[in-house]
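Chemist: Going down the list, the sequences are from chains A and B.
The opening position of the first sequence corresponds to residue 95 in our numbering, with each subsequent residue numbered one higher.
The opening position of the second sequence corresponds to residue 62 in our numbering, with each subsequent residue numbered one higher.
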Amino acid sequence: MSTGALGQTARIGLFAAAALLIAVLPRFVSDFRASELAYVAIFTIAILGLNVLTGYTGQISLGHGAFMTIGGYTTAVLVVDHGVRDLWTIPLAGLVAGAAGFLFGVPALRLSGLYLALATFGVAVALPAVVRKAEGLTGGSRGLQLFGLDSYTGKGFEPVEVLGRSLSFNDWLYYLSWTIAGVLFVLAWLVLRGETGRAFRALRDSEVAAASSGVNPAAYKTLAFSLSALYAGVAGSLYALASTFVTPGTFPVTLSLTLLIGAVVAGLGSLWGVLAGAVFVQFLPVWIDRLSGVEAAPDWVQRVSKEPGIPSVIYGAALIFLLLLLPGGVGGLVQRLGGLTRGR
Amino acid sequence: MAEFLQQVVSGLSSGGIYAGLALAISLIYRATGVINFAQGEMAMFTTYIAWALTEHHGWSYWPAVAFTLLAAFVGGVAVERLIVRPVQGVSVLAVVIVTLGIFVLLNGLATAIWGGAQQSFPPGRPFPVRSFDVGGVVFSLQDILTVATSLALVACLFGFFRFTKAGLGMRAAAFNPAASRLVGVRVGWMIAGGWGLAAVLGAVAGLLAASSLGSFDPNLMRPVLLYAFAAAVLGGLDSPLGAVVGGLVLGVALNLLGTYVDFIGADLRLPSALAIILVVLLVRPAGLLGRASVGRV
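(1) Could you check the C-alpha separation between residue 416 (chain A) and residue 253 (chain A) for me, to the nearest Å?
(2) Going by Cα to Cα distance, which pick from A:269, A:231, A:297 is closest to residue 153 (chain A)?
(3) Quick test of the definition: if touching needs 3 or more C-beta pairs under 8 Å, does the region 114-132 of chain B touch the region 295-302 of chain B?
(4) Return the residues of the region 158-170 of chain B that lie within a Cβ-Cβ distance of less than 9 Å from chain A, sorted by chain order.
(5) CB residue 110 (chain B) to CB residue 100 (chain B), shorter than 8 Å?
(6) Please list the terminal residues of the continuous alpha helix (DSSP H) segment that includes residue 204 (chain B).
(7) Against chain B, which members of the region 183-210 of chain A pass a CB distance test of less than 8 Å?
(8) DSSP beta-bridge partners for residue 261 (chain A)?
(9) Using a Cβ-Cβ distance cut-off of 8 Å, determine whether residue 315 (chain A) contacts chain B.
(10) Mind reading off the beta-carbon distance from residue 215 (chain B) to residue 84 (chain B)? Whole number of angstroms is fine, and I expect it under 8 Å.
(11) Go ahead and pull the three-state DSSP assignment for residue 199 (chain B).
(12) So, for residue 256 (chain A): in the same chain, excluding its five sequence neighbours on each side, which residues have a beta-carbon less than 8 Å away from its beta-carbon?
(13) Put residue 290 (chain B) into one of helix, strand or coil per three-state DSSP.
(14) Please confirm if the region 322-342 of chain A is in contact with the region 241-253 of chain A, defined as three or more CB-CB distances below 8 Å between the two stretches.
(15) Please give the ranges of any alpha helix (DSSP H) in the region 228-304 of chain B, keeping only runs that are unbroken, at least 4 residues long and fully inside the region.
(16) List, in order along the chain, the chain B residues whose C-beta lies closer than 9 Å to that of residue 389 (chain A)?
(17) Taking the C-alpha atoms as reference points, what is the distance between residue 409 (chain A) and residue 251 (chain B)?
(18) May I ask whether a heavy atom of the ligand MN can be found less than 7 Å away from the beta carbon of residue 129 (chain B)?
(19) Can you give the Cα-Cα distance for residue 133 (chain B) and residue 361 (chain A), rounded to whole angstroms?
(20) Taking 8 Å as the threshold (beta carbon to beta carbon), is residue 299 (chain B) in contact with chain A?
(21) Scan the region 187-270 of chain A and note each continuous alpha helix (DSSP H) run of 4 residues or more that stays entirely inside, going in chain order.
(22) Against chain B, with Cβ distances strictly below 8 Å, would residue 407 (chain A) count as a contact?
(23) In the DSSP assignment, find the unbroken alpha helix (DSSP H) run with residue 315 (chain A) in it and report its ends.
(24) What residues from chain A crowd round residue 283 (chain B), counting only those whose CB sits closer than 9 Å?
(25) Taking the alpha carbon of residue 69 (chain B) as the reference point, which residue from B:348, B:319, B:323, B:353 has its own alpha carbon closest?
(26) Do residue 260 (chain A) and residue 125 (chain A) count as a contact pair if the criterion is CB distance below 8 Å?
(27) Just to make sure I have the definition right: I need the residues of chain A whose C-beta is within less than 8 Å of the C-beta of residue 177 (chain B). Which are they?
(28) Would residue 338 (chain B) pass as an interface residue toward chain A - the criterion being a Cβ-Cβ separation below 8 Å?
(29) Once DSSP output is grouped into helix, strand and coil, what is the label at residue 340 (chain A)?
(30) From residue 270 (chain B) to residue 278 (chain B), what does the alpha carbon distance come to, in whole angstroms?
(31) Just reading off the alpha helix (DSSP H) that residue 118 (chain A) is part of, what are its end residues?
(32) Under 8 Å: do the region 168-185 of chain A and the region 229-247 of chain A share three or more Cβ pairs, one atom per stretch?
(33) Can you find a CB in chain A that lies within less than 8 Å of the CB of residue 345 (chain B)?
(34) Using a Cβ-Cβ cutoff of less than 6 Å, which residues in the same chain neighbour residue 291 (chain B) once the five nearest sequence positions on both sides are dropped?
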């Protein structure tokens, strides 16, 4: 966190201003844009989680999409097969993913640096196959359809009554996601500024020094893994609600890489940077797509921007350039990661 | 029994492909202590180059392959010098992130240039479709030549490292960069050359993977990369011989598991590879043939 010149009051003021802006934004944008902005909130939550683990505790995860998958399927299975009201499944999805994070975190204690990167990458690549195989639970390749179900608030298209006001379905998703993102943002801030956050950062910077100062590495690393997975699980749950269905393709292998890209971009500015990271990963494809209609853009730009692979090209180039041009300076994320290398 | 032997041979064939990519990963790990997550996508990209030359530019197969291998070498050197080298000093994980950037970039680039659709890789090339019947066991020529190519490649590489001056320089640069520099080895270029060689190995693995499947798309190497990781970890990340042995063992093991264990079938091959990675890393991180690393605190 950039403690710097920003005082406590200023930071709370900033948060209030951001909250206010987010609260009134749907009045000024189209319904469709509101649903895109809901995805920004969802990515914010997932990237916050990844940042707690990778940015603050120095444990790399290339497979955070896996925890989103677990959260998303928890919600879908409960809503579709058991008729549980969708709102209740959101915390449950967080808890299930958190438990999965704990279970993965325990063996991960023995892996550091590159080995952890390998193992988590493997989880990301292999999980869709497991989801397809567990057909009885997950619906296999067909997935699970939420659209039109009674236990699904708004059924995917109807207006939703909230506090006596009627919101369009997309506005409802927007407010739901941003409310949860706001709560989790404050939670992350509170956790990271206190004793736990100090322990996380101490582990990241030097595990040996942290341990000799009385920080229990095993306990805090598994805590970071669980907390981070909980965030991803909540994000996955909202992702499922926003998509109106889940299939193995809803959570592709590249989702984990997308989150990492978001976290690297986010590194530019502490916890607040997460918002920038989430906006970047959600809107980059949209902006590129829009370029093809801009008259002022050169012909080749208009032509190229229609190609399907171009967003990936920019994502990849962004990752490379951020690390090349700001070595050690990407919001300190890289420096934080630097603490890992010694443990290899 | 005949079926068992057939499965072993076809397992060796896919194992040869894993071994090629695993060897590439192991070479780079040994020289620089990092893992190139883009190794598979680089191989996919070079496969597209070979395909585009034959399909769109009227080249015949073998010249296209030769050009592709050359392009792979140049590409590998360029990636090391321009992209990886500058972040090498920052941290190992900065390199991981940069290689993931290359991964995403190349995948997008291939899709943008050649489209995301399946392309058929002309059958019969590079190896004619033919099979032999040896006492009731049918071996396909494709499988046998795939294994033979992988083994020949390993032999060439061994010869290169053992008997040539450049090979000696590369070994020296990896073993002790400071001392090598003192005796006049150009360590930087040796490491870049290592990345070039790794890219060539990957390119061969990509071509073999495409021709054994008969078709390919931009995601050709994604599963192969995980198998190659599993092979390299199984054999010991820092052991090139281990990578080859690991690849062949993994290919055969996955094939036999897929054939004889109904639950695994074709669906759970990737998760099985992941399980192998996790078990080896947790139980014996040095793998079968690697050296146990000793950390200093």
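Even for Gly, the Cβ is constructed at its ideal location relative to N, Cα and C.
Modeler: So, from the listed chains and residues:
(1) Position 322 of the first sequence, counted from the first residue, corresponds to residue 416 (chain A). Position 159 of the first sequence, counted from the first residue, corresponds to residue 253 (chain A). Rounded to the nearest angstrom, the two C-alpha atoms are 42 Å apart.
(2) As a first step, residue 153 (chain A) must be located in the first sequence, where it is residue number 59. Minimum Cα distance to residue 153 (chain A) is reached at A:297.
(3) In short, these stretches do not touch, since the Cβ pair count stays below three.
(4) For the region 158-170 of chain B, the set of residues with a beta-carbon nearer than 9 Å to any beta-carbon of chain A comprises 158, 159, 161, 162, 163, 164, 165, 166, 167, 168, 169, 170, in chain order.
(5) Taking the second sequence and counting its residues from 1, the one referred to as residue 110 (chain B) is at position 49. Taking the second sequence and counting its residues from 1, the one referred to as residue 100 (chain B) is at position 39. Contact: no.
(6) Indexing the second sequence from 1 puts residue 204 (chain B) at position 143. DSSP places residue 204 (chain B) inside the alpha helix (DSSP H), whose first and last residues are 202-224.
(7) Listed in sequence order: 201, 204, 205, 207, 208, 209.
(8) In the first sequence, counting from the first residue as 1, residue 261 (chain A) sits at position 167. Bridge partners of residue 261 (chain A): A:254.
(9) Looking up residue 315 (chain A) in the first sequence gives position 221. With 8 Å as the cut-off, residue 315 (chain A) does not count as an interface residue toward chain B.
(10) Here the question's residue 215 (chain B) lines up with position 154 in the second sequence. Here the question's residue 84 (chain B) lines up with position 23 in the second sequence. Right, the Cβ-Cβ distance comes to about 7 Å (below 8 Å), so this counts as a contact.
(11) By 1-based counting over the second sequence, the position of residue 199 (chain B) is 138. Looking at residue 199 (chain B) - three-state DSSP - the assignment turns out to be strand.
(12) The residue given as residue 256 (chain A) occupies position 162 in the first sequence. For residue 256 (chain A), where only same-chain residues beyond five positions count, the Cβ hits under 8 Å are 266, 269.
(13) Locating residue 290 (chain B) in the second sequence gives position 229, where the first residue counts as 1. DSSP, reduced to helix, strand and coil, places residue 290 (chain B) within a helical segment of the structure shown.
(14) Between the region 322-342 of chain A and the region 241-253 of chain A, the count of C-beta pairs closer than 8 Å reaches three or more; the two stretches touch.
(15) With a minimum length of 4 residues, the unbroken runs of alpha helix (DSSP H) contained wholly in the region 228-304 of chain B fall at 238-243, 248-274, 282-296.
(16) As a position in the first sequence, residue 389 (chain A) is number 295, starting the count at 1. Chain B residues near residue 389 (chain A): none, gap ~22 Å exceeds 9 Å.
(17) Within the first sequence, the letter at position 315 stands for residue 409 (chain A). Within the second sequence, the letter at position 190 stands for residue 251 (chain B). Residue 409 (chain A) and residue 251 (chain B): Cα-Cα distance of roughly 30 Å.
(18) Among the ligands in the structure shown, none appear at all, so the ligand MN cannot be discussed.
(19) For the purposes of this step, residue 133 (chain B) is identified with residue 72 of the second sequence, where counting begins at 1. For the purposes of this step, residue 361 (chain A) is identified with residue 267 of the first sequence, where counting begins at 1. Cα to Cα, residue 133 (chain B) sits roughly 33 Å from residue 361 (chain A).
(20) Taking the first residue of the second sequence as position 1, residue 299 (chain B) is located at position 238. Residue 299 (chain B) is outside the set of residues whose beta carbon lies under 8 Å from a beta carbon in chain A.
(21) Residue ranges of uninterrupted alpha helix (DSSP H) with 4 or more members, entirely inside the region 187-270 of chain A and ordered along the chain, are 207-227, 229-232.
(22) If you number the first sequence from 1, residue 407 (chain A) lands on position 313. Closer than 8 Å to some Cβ of chain B, the Cβ of residue 407 (chain A) qualifies, so yes.
(23) In the first sequence, the residue the question calls residue 315 (chain A) occupies position 221. From DSSP, the alpha helix (DSSP H) with residue 315 (chain A) extends over 311-337.
(24) As a position in the second sequence, residue 283 (chain B) is number 222, starting the count at 1. Per Cβ cutoff of 9 Å: 219, 347.
(25) Counting from one through the second sequence, the residue named residue 69 (chain B) turns up at place 8. The candidate whose alpha carbon is nearest that of residue 69 (chain B) is B:319.
(26) Residue 125 (chain A) sits at position 31 when you count from the first residue of the first sequence. Residue 260 (chain A) sits at position 166 when you count from the first residue of the first sequence. In this structure, the beta-carbon distance from residue 125 (chain A) to residue 260 (chain A) does not fall below 8 Å.
(27) In the second sequence, counting from the first residue as 1, residue 177 (chain B) sits at position 116. Going along chain A in sequence order, the residues near residue 177 (chain B) (Cβ under 8 Å) are 402, 403.
(28) For the purposes of this step, residue 338 (chain B) is identified with residue 277 of the second sequence, where counting begins at 1. In terms of beta-carbon proximity, residue 338 (chain B) lines the interface with chain A, with at least one pair separated by less than 8 Å.
(29) On the first sequence, residue 340 (chain A) is found 246 positions in, with the first residue counted as 1. In the structure shown, residue 340 (chain A) sits in a strand (DSSP, three-state: E or B).
(30) Numbered from its first residue, the second sequence carries residue 270 (chain B) at position 209. Numbered from its first residue, the second sequence carries residue 278 (chain B) at position 217. Cα to Cα, residue 270 (chain B) sits roughly 11 Å from residue 278 (chain B).
(31) For the purposes of this step, residue 118 (chain A) is identified with residue 24 of the first sequence, where counting begins at 1. For residue 118 (chain A), the enclosing alpha helix (DSSP H) stretches over residues 102-118.
(32) As far as the Cβ criterion goes, the region 168-185 of chain A touches the region 229-247 of chain A, which means the pair count is three or higher.
(33) If you number the second sequence from 1, residue 345 (chain B) lands on position 284. Answer no: the Cβ-Cβ gap between residue 345 (chain B) and chain A never drops below 8 Å.
(34) Within the second sequence, numbered from 1, the residue matching residue 291 (chain B) stands at position 230. Taking C-beta separations shorter than 6 Å and ignoring five residues to either side along the sequence, the partners of residue 291 (chain B) in its chain run 311, 334, 337, 338, following chain order.
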